[in-house]
Amino acid sequence: MSHSSVSVRFAPSPTGELHLGGARTALFNWLFAKNQGGQFFLRIEDTDLVRSKDEYTDQILAALKWLGLKWDEPLVYQSKRFDDYKVHITNLLGTGQVYRCFCSKDDLQSARDEGHYQYPGTCRNLTDEGVKQRLNQGIGFTYRIRIPDGETHYEDLIYGPITVNHGEVDDFIVVRSDGSPTYNFTAVIDDHDMNITHVIRGEDHISNTPKQILLYQALGFDVPTFAHLPMILGHDKKRLSKRHGAPGVQSFQDEGYLPESLNNYLALLGWNPGTEEEILSMDELVQKFNLVQVQKKGAVWDEKKLHWVSGQHMMQANTDFILESIRRINPNWGKGSDISYLISIIEMLKQRAKSLTEFIAQSHYFFHAPESYDTAGLKRGWPDKNVNNRVEDIQSVLNEISIWRKENIEKALKVYAAAHELGMGKIIMPIRLAVSGGLTGPNVFEILDHLGKEDTINRIETALNVLPS
RNA sequence: GGCCCGUUCGUCUAGUGGUUAGGACUCCAGGUUUUCAUCCUGGCAACAGGAGUUCGAUUCUCCUACGGGCUACCA
264 MSHSSVSVRF APSPTGELHL GGARTALFNW LFAKNQGGQF FLRIEDTDLV
314 RSKDEYTDQI LAALKWLGLK WDEPLVYQSK RFDDYKVHIT NLLGTGQVYR
364 CFCSKDDLQS ARDEGHYQYP GTCRNLTDEG VKQRLNQGIG FTYRIRIPDG
414 ETHYEDLIYG PITVNHGEVD DFIVVRSDGS PTYNFTAVID DHDMNITHVI
464 RGEDHISNTP KQILLYQALG FDVPTFAHLP MILGHDKKRL SKRHGAPGVQ
514 SFQDEGYLPE SLNNYLALLG WNPGTEEEIL SMDELVQKFN LVQVQKKGAV
564 WDEKKLHWVS GQHMMQANTD FILESIRRIN PNWGKGSDIS YLISIIEMLK
614 QRAKSLTEFI AQSHYFFHAP ESYDTAGLKR GWPDKNVNNR VEDIQSVLNE
664 ISIWRKENIE KALKVYAAAH ELGMGKIIMP IRLAVSGGLT GPNVFEILDH
714 LGKEDTINRI ETALNVLPS
């Protein structure tokens, strides 16, 4: 039934939550698939029974959902495919492309410690008799692939032609002594069984690729196309990790970033649309994405730029969507207020908040009278006792307003300012301080309008009682 | 140790055998905004080094340096 020619997969290992590098790999796979009208699959690489945890799988899936990277069914778990792998081992053993290795872990390790980095080939040419003997003695064994002479060449969609001499490729282990298959082996079989056409993954897999190609050939499978993505780096230019304090994707959600912001920034890390546009919606990313524009060089993670990108998306974001997103990280936000009130607050503030958490912080005074006043703001806006007299005047001016709308408020205060030959700043700063506790925020007349007359008058009253402090 | 990959402003990047090497983030200085954010203007700031090819190299080739990755019975 599948008419699409392109199939890709993201294959995380559930040994930790989804990190930024994984998210970027997932995103690029997804974008490529969508751009090509292909399919995007997910495979959980849980062959490491010791380190894999279900809770990590759950976290990874949740993070991908949040990012909006929907995957096609079925979802593949490698741990459920051990029987499939076994069949291939039997065949490969039959043709001699795989052989049993009876070397112990310790022996191999000590050889490495002495500077012999490659497998010495101890068991490569054991006679049938020799094998039988060892089996009878009950010696544990692994399966290794027999790498033929020659060299392997492939064309990386991002890095170009890559050639490796087989002298550099070890007879690596494909099945451990406990019978479990290793990564390079399972990845090849799964990618084949899942009909993966393009393997898009991190650059750290470049040197695995020849090994896998050799495996494809031994198994008689078609070799897919490979594309390796450059790493995401920390400020020390080393691969980004927890050591850099790099958080999992989940925490970006908690910090109030919109998923499209993270996706947009992640896309810009190692890719560009070929134009000077930087703020792109998911649809635009899908439309413009291609592997040709992907960079070879690793890219340093820059939280500041993410923050800027986030601010751009906040400005453009749909108001209802922002409300929904805020409620997701803070279900109590604006509880008890009319939706229309909340909507108007969002429209006022989304221009100046760069994340949802900033937004929540900046919206506080729309729901609660200030409990304290910004110190630096007081210095400028309410420096001494003289201000109180003026504020009392203003309070009564406001009190006279019968139809409480921002135009009327503005007009009344301007009249007052003109009559007393005062700059508007002298009037607005103390009022802003009184109602919001600080000197930043949207148009002050609009704030008063939203707060309502009673609240405004009360907050000014409170300020008159406690200020200057 | 070996192999593979990479190298343009601090960071993300554009770019061409001849360009004042462009943009974005950050930072700084102005302007607009009665505040803040936005917005506008301006500024700082890069082709790792050395050979070679060439009339001419940031661009092509080689070497060096530096950085990264892999070299596991991890993925």
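Residue numbers (my numbering): 264 to 732. Backbone N, C-alpha and C fix where the C-beta goes; we use that ideal spot for every residue, glycine too. Only a predicted model underlies this, so the values are computations on that prediction, with no experimental measurement involved.
Take the alpha-carbon of Ala580 and the one of Leu619: they are about 11 Å apart. Of the residues assessed, Ile602 falls on the exposed side of the cut-off, its CB having fewer than 16 other CB atoms within 10 angstroms. The residue among Asn527, Ala481, Val427 with its C-alpha nearest the C-alpha of Thr472 is Val427. When the five nearest sequence neighbours on each side are left out, no beta carbon in the same chain lies closer than 7 Å to the beta carbon of Gly401. Residue environment: Ile609 is assigned as buried (16 or more neighbouring CB atoms within 10 Å of its CB, all protein chains considered). In the DSSP assignment, Asp335 is bridged to Phe304. Linking Ala509 to Asn354 through their CA atoms gives a straight-line distance of about 44 Å. Proximity of the segment 571-579 to the segment 524-534 meets the contact definition, three or more beta-carbon pairs being nearer than 8 Å.
Contact between the segment 401-416 and the segment 473-481 is established, with three or more Cβ pairs separated by less than 8 Å. Taking all protein chains shown into account, Ile452 has 16 or more neighbouring C-beta atoms within 10 Å of its C-beta and is therefore buried.
Here Glu318 has no same chain residue with a Cβ atom under 7 Å from its own Cβ, once five neighbours each way along the sequence are excluded.
Cβ neighbours of Ala726 within its own chain (closer than 6 Å, five residues either side excluded): Ala697. Sequence-distant partners of Gln658 (beyond 5 residues in either direction) whose C-beta falls short of 6 Å from its own C-beta, in its chain, are Ile723.
By alpha-carbon distance to Ala326, the top candidate from Tyr520, Pro411, Lys674 is Tyr520. Contact between Val437 and Val350 does not hold, since their C-beta atoms are separated by about 13 Å, which reaches or exceeds 8 Å. Using a C-beta cut-off of 8 Å, the segment 691-708 makes contact with the segment 640-659, since at least three inter-stretch Cβ pairs fall below that distance.
If you look at Glu414, you'll find it in the beta strand (DSSP E) that goes 414-419. Contact between Asn292 and Val549 is absent: CB atoms are separated by about 12 Å, not below the 8 Å threshold. Annotated three-state conformation of Arg722 is helix, per DSSP. Annotated as proximal: Val486 and Ile476, with beta-carbon spacing under 8 Å. Per DSSP, the continuous beta strand (DSSP E) segment holding Pro424 begins and ends at 423-428. Of the other Cβ atoms in all chains shown, 16 or more fall within 10 Å of the Cβ of Tyr406; this residue is therefore buried.
If the five residues before and after Thr320 are omitted, its C-beta is found closer than 6 Å to the C-beta atoms of Pro277, Ile307, all from its own chain and listed in chain order. Only residues of its own chain outside the window of five on either side were considered, and among them Ala286, Ala289, Leu290, Val512, Pro522, Leu525, Asn526 have a CB closer than 8 Å to the CB of Leu330, listed in chain order. For the pair of segments examined, the segment 634-643 was found not to touch the segment 532-542: the number of CB pairs separated by less than 8 Å stays below three. Inter-residue distance for Ile410 and Val432 is about 7 Å (C-alpha atoms, whole angstroms). For Glu670 and Leu503, the gap between their C-alpha atoms comes out near 52 Å. For the options Leu531, Met545, Met578, the alpha carbon positioned closest to that of Gly561 is the one of Leu531. Uninterrupted beta strand (DSSP E) stretches at least 3 residues long and entirely within the segment 430-481 occur at 436-438, 461-465, given in chain order. Met577 is not a Cβ neighbour of Ser270, given a cutoff of 8 Å.
Cβ atoms of Leu492 and Ile425 stay farther apart than 8 Å, at about 15 Å. Each residue's CA atom was taken as its position, placing Leu661 and His627 some 23 Å apart. One alpha carbon belongs to Tyr446, the other to Phe404, and they sit about 18 Å apart. Counted as a single uninterrupted DSSP element, the beta strand (DSSP E) harbouring Phe489 occupies residues 488-492.
Taking the Cα positions, Trp667 is about 22 Å away from Leu702. Taking Asp335 as the centre and dropping the five residues before and after it, the same chain places the C-beta of Gln302, Phe303, Phe304 closer than 7 Å to its C-beta, in chain order.
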